[in-house]
Amino acid sequence: MRNMLLAMLAGALVFLAGGSGSAVASRSEAINTEQATLSRRSAIAAQLVGHTFTRASSIIQVAARDSSYLEFYGSRADTSPSAEERYAAVERVTDQLVHLGRMYSEGIGEASFIDISGHENVRVVNGRSATSGELADDRRSGAYFGPTFALSPGVVYQSVPYRSAATGEWVISSGTQVLTPDWIKRAIVHFELPVESFRREIESMGDGHLVIVDAGSGRVVIDTTRVQGGDEPLGNPDNHLLNPLVRQWGEHGLVRIDGRLAAYQRIPADVGNANSWYAVTFAPAPTGPLTGVGWLPSAVILTSLLLITYTLFALVRGESALRTAANTDPLTGLRNRRSLADDVRRRIGRATSDNPVLLILSDLNGFKAYNDTLGHPAGDALLLRLAAALTGALAGRGTAYRIGGDEFCVVAQPGATGMDELMDVVDQALRADADLVPVCASHGLVVLPDEAADFSTAMKLVDERMYEQKRASRQARSGGGQPTGA
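Quick look at the structure:
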């Protein structure tokens, strides 16, 4: 891709220097430029819509892990909360759902906390919480209810568009089950995002007609030229041009529709997303035999400058994406071993005995049994939970890394509370005691630069100390003890 972009840049510079070409060359350049522009716009639109889905999924996943939901049912399966405790939990859940609405500038319509029986525990609509008398007794007929409970805990269901009973708008639900220590399906939390917010997002790209098309039926579900009102049909039901074509499409490509060139790009969708969509953008006018012919040299120069700008933007963006991918663990999103090595080398140079840096290596205990018992998808979900817990526990104090299958590292300064407290924070974050198969961690710690002056030495020493603790834990268990990190 980089070589192609560099070639495009070189070609644009040649065109800029030459000023103009023949009529045939001008037409060819105009068509090629139009194809590149359309492809780029459809790809960006697909990324924007995909990002909106991903953002909604991430927010509802974080919300579902809030302890307030567990407190509503009781922190343990064999206990029930008192009326006062449940009332306090309802207040906290309400505050959280109101906060969800503030996180979206485009506005969340309804956000609800619903029991598996169908009873609404909490509902917030446009920032206002429903009274107990307004709560529904049975929401099981909701388009999102059954599919959300049908998925595994931790997986987000994103519905096809439907009219909201609360707001009357066309909306898409993002919902997931509340995670409980006993893994019993008790309730879901979901919110409704207006389809109009998706339309405004892609409309903000600028001029040009762009539609979102259902991959199964060819139905236009979003049209940038039509504001999506609650009383209007979804999208543009009068546009049938794509119906016979869409089932033949791959991931992306170019087609000619009604004389106009169009580019399509499949929108990425995670597991649990019921929407299979394409982003399709159309040329403003049909392509004719005189397209691009008769332009003055200034028009050629302007086109070349636009191509140069686009190519430089693509190069910079591509380099940034490569750097991010090279330094990020693809599963958890934490920094990886390459990033750890760079950070440690940089911080060792600035660390002193009075202002040391701590390097902690943690290796999970029981993770293999967890994988063998619950399966690798559950193991991946556990790693995601532990990574999120570790990141949250270290907020403002240090940086978390995943450097291997079940190995995590932390680089931090001891702070006012000291090393022991930091080690306890890391140990608690990497525990999953309430799961069916408990998982904890063994740890090693090295003080930089007092105990190691370079990355290789530091990693060797911290690895030895981690295994010392692991061996001590095993010996303690065989003797009847259960030390921290065992």
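Read left to right, the sequence shown gives residues -25 to -1, 1 to 461 (mature numbering (1 follows the signal peptide of the UniProt record, and there is no 0)).
We put the CB at the ideal spot given by N, CA and C, even for glycine.
Any alpha helix (DSSP H) of 4 or more consecutive residues that is wholly inside the segment 11 to 65: Runs of the alpha helix (DSSP H) inside the segment 11 to 65: 42 to 48.
Residues that histidine 74 bridges to, as DSSP identifies them: On the sequence shown, residue 74 is found 99 positions in, with the first residue counted as 1. For histidine 74, which the question treats as bridged, DSSP gives no partner whatsoever.
C-alpha distance - arginine 84 paired with serine 192, whole-angstrom precision: Along the sequence shown, read from residue 1 onward, the residue named residue 84 stands at position 109. Along the sequence shown, read from residue 1 onward, the residue named residue 192 stands at position 217. Sequence check: residue 84 is glycine here, not arginine. Spanning the alpha carbons of glycine 84 and serine 192 requires a straight line of approximately 27 Å.
Opening and closing residue of the alpha helix (DSSP H) in which valine 153 lies: Taking the sequence shown and counting its residues from 1, one reaches residue 153 at position 178. Segment: none, valine 153 is in no alpha helix (DSSP H) and carries neither H nor E.
Distance CB(leucine 306)-CB(threonine 256) smaller than 7 Å: Here the question's residue 306 lines up with position 331 in the sequence shown. Here the question's residue 256 lines up with position 281 in the sequence shown. Note that the C-beta distance between leucine 306 and threonine 256 is not below 7 Å.
Selection from Phe28, Ile89, Val130 that minimises the alpha carbon distance to serine 172: Counting from 1 along the sequence shown, the entry for residue 172 is found at position 197. That would be Phe28, whose Cα lies nearest to the Cα of serine 172.
Reference aspartate 329; option with closest CA among Pro424, Ala(-19), Arg449, Ala64: Start at 1 with the first residue of the sequence shown, and residue 329 comes out as number 354. Answer by Cα proximity: Pro424.
Nearest-angstrom beta carbon gap, valine 130 and threonine 151 [assumed within contact, 8 Å]: In the sequence shown, the residue the question calls residue 151 occupies position 176. In the sequence shown, the residue the question calls residue 130 occupies position 155. Sure, about 7 Å apart at Cβ, within 8 Å.
Spatially closest choice to arginine 321 from Val386, Leu365, Ala364, by CA coordinates: Residue 321 sits at position 346 when you count from the first residue of the sequence shown. The shortest C-alpha separation from arginine 321 is found at Val386.
Spatially closest choice to glutamine 36 from Glu144, Gly49, Leu154, Asp338, by CA coordinates: Taking the sequence shown and counting its residues from 1, the one referred to as residue 36 is at position 61. Relative to glutamine 36, the option among Glu144, Gly49, Leu154, Asp338 whose CA is nearest is Leu154.
Distance CB(valine 421)-CB(alanine 433) smaller than 7 Å: Indexing the sequence shown from 1 puts residue 421 at position 446. Indexing the sequence shown from 1 puts residue 433 at position 458. Result yes, Cβ atoms of valine 421 and alanine 433 sit closer than 7 Å.
Bounding residues of the beta strand (DSSP E) (the contiguous stretch that carries arginine 377): In the sequence shown, the residue the question calls residue 377 occupies position 402. Unbroken beta strand (DSSP E) run through arginine 377: 373 to 377.
Coarse secondary structure for serine 104, derived from DSSP in three states: Working through the sequence shown from its first residue, we reach residue 104 at position 129. If DSSP states are grouped into helix, strand and coil, serine 104 belongs with the strands.
Continuous alpha helix (DSSP H) stretch holding leucine 359: start and end: Position 384 of the sequence shown, counted from the start, is the residue given in the question as residue 359. Boundaries of the alpha helix (DSSP H) harbouring leucine 359: 351 to 368, taken from the DSSP string.
Arginine 175 versus leucine 282: straight-line alpha-carbon distance, rounded: Within the sequence shown, residue 175 is the residue found at index 200, counting from 1. Within the sequence shown, residue 282 is the residue found at index 307, counting from 1. Taking the straight line joining both Cα atoms gives about 27 Å.
Opening and closing residue of the alpha helix (DSSP H) in which serine 256 lies: Walking along the sequence shown from the start, residue 256 turns up at place 281. Sequence check: residue 256 is threonine here, not serine. Taken as a continuous stretch (DSSP letters only), threonine 256 belongs to no alpha helix (DSSP H), being part of the beta strand (DSSP E) at 252 to 257.
Buried or exposed by the 16-neighbour rule on C-beta atoms within 10 Å, applied to aspartate 318: Translated into positions along the sequence shown, residue 318 becomes position 343. Buried.
Buried or exposed (CB count within 10 angstroms, at least 16 for buried), glycine 371: Walking along the sequence shown from the start, residue 371 turns up at place 396. Counting Cβ neighbours within 10 Å, glycine 371 comes out exposed, since fewer than 16 surround it.
Short Cβ contact (7 Å threshold) for serine 43 with alanine 238: If you number the sequence shown from 1, residue 43 lands on position 68. If you number the sequence shown from 1, residue 238 lands on position 263. For serine 43 and alanine 238, no; Cβs fall outside 7 Å.
Separation of isoleucine 378 from alanine 162, as counted between CA atoms: Position 187 of the sequence shown holds residue 162. Position 403 of the sequence shown holds residue 378. Roughly 35 Å between the two C-alpha positions.
Alpha carbon of threonine 299 to alpha carbon of aspartate 112, nearest angstrom: Position 324 of the sequence shown holds residue 299. Position 137 of the sequence shown holds residue 112. Rounded to the nearest whole angstrom, the CA to CA distance from threonine 299 to aspartate 112 is 48 Å.
Range covered by the beta strand (DSSP E) that runs through aspartate 318: As a working mapping, residue 318 is identified with position 343 in the sequence shown. Premise fails: aspartate 318 lies in the alpha helix (DSSP H), 312 to 325, not in any beta strand (DSSP E).
8 Å contact criterion, which alanine 190 and valine 221 should meet: CB distance rounded: To locate residue 190, count along the sequence shown from 1; it is residue 215. To locate residue 221, count along the sequence shown from 1; it is residue 246. The distance from the Cβ of alanine 190 to that of valine 221 is about 6 Å, consistent with a contact at the 8 Å cut-off.
Methionine 398 classed as buried or exposed, judged by whether at least 16 other C-beta atoms fall within 10 angstroms: Reading the sequence shown from its first residue, position 423 is the one you call residue 398. Using a 10 angstroms sphere on the CB of methionine 398, the tally of other CB atoms reaches 16 or more, which defines it as buried.
Any non-hydrogen atom of the ligand ATP closer than 6 Å to glycine 150 Cβ: Among the components modelled here there is no ligand, and therefore nothing to report on the ligand ATP.
Distance between beta carbons of aspartate 381 and aspartate 338, contact taken as under 8 Å: The residue given as residue 338 occupies position 363 in the sequence shown. The residue given as residue 381 occupies position 406 in the sequence shown. Between aspartate 381 and aspartate 338 the Cβ distance is about 6 Å, and since that is below 8 Å, they are a contact.
Whole-angstrom C-beta distance between valine 437 and leucine 334, which should lie under 8 Å: Counted from its first residue, the sequence shown places residue 334 at position 359. Counted from its first residue, the sequence shown places residue 437 at position 462. Indeed, because the Cβ distance is near 5 Å, the residues count as touching under 8 Å.
Buried or exposed (CB count within 10 angstroms, at least 16 for buried), phenylalanine 342: For the purposes of this step, residue 342 is taken as residue 367 along the sequence shown, with counting starting at 1. With 16 or more other Cβ atoms within 10 Å, it is buried.
Assigned secondary structure, tryptophan 270 (DSSP; H/G/I helix, E/B strand, else coil): As a first step, residue 270 is located in the sequence shown; it is residue number 295 there, counting from the start. Legend: pLDDT at tryptophan 270 = 48, less than 50; position of this residue unreliable, value from coordinates given subsequently. Three-state result, tryptophan 270: coil.
8 Å contact criterion, which glycine 234 and tyrosine 132 should meet: CB distance rounded: For the purposes of this step, residue 234 is taken as residue 259 along the sequence shown, with counting starting at 1. For the purposes of this step, residue 132 is taken as residue 157 along the sequence shown, with counting starting at 1. In this structure glycine 234 does not touch tyrosine 132 by the C-beta definition: roughly 41 Å separates them, more than the 8 Å allowed.
Meets three-Cβ-pair contact criterion under 8 Å: the segment 358 to 366 and the segment 438 to 451: No contact exists between the segment 358 to 366 and the segment 438 to 451.
Outcome for leucine 411 when other beta-carbon atoms lying within 10 angstroms are tallied against a minimum of 16: Position 436 of the sequence shown, counted from the first residue, corresponds to residue 411. Leucine 411 counts as exposed, since fewer than 16 other C-beta atoms from the protein chains shown sit within 10 angstroms of its C-beta.
Counterpart residues of glycine 228 in DSSP-defined beta bridges: For the purposes of this step, residue 228 is taken as residue 253 along the sequence shown, with counting starting at 1. Under DSSP, glycine 228 takes part in a beta bridge, and its partners are Tyr239.
Boundaries of the alpha helix (DSSP H) in which alanine 451 is found, first to last residue: Position 476 of the sequence shown, counted from the first residue, corresponds to residue 451. Segment 430 to 453, the alpha helix (DSSP H) holding alanine 451.
The segment 110 to 125 / the segment 210 to 227 touching (three or more Cβ pairs under 8 Å): At 8 Å Cβ cutoff, the stretches do not touch.
Nearest-angstrom beta carbon gap, serine 149 and leucine 168 [assumed within contact, 8 Å]: As a first step, residue 168 must be located in the sequence shown, where it is residue number 193. As a first step, residue 149 must be located in the sequence shown, where it is residue number 174. That belief holds up - the Cβ atoms of leucine 168 and serine 149 are roughly 7 Å apart, short of 8 Å.
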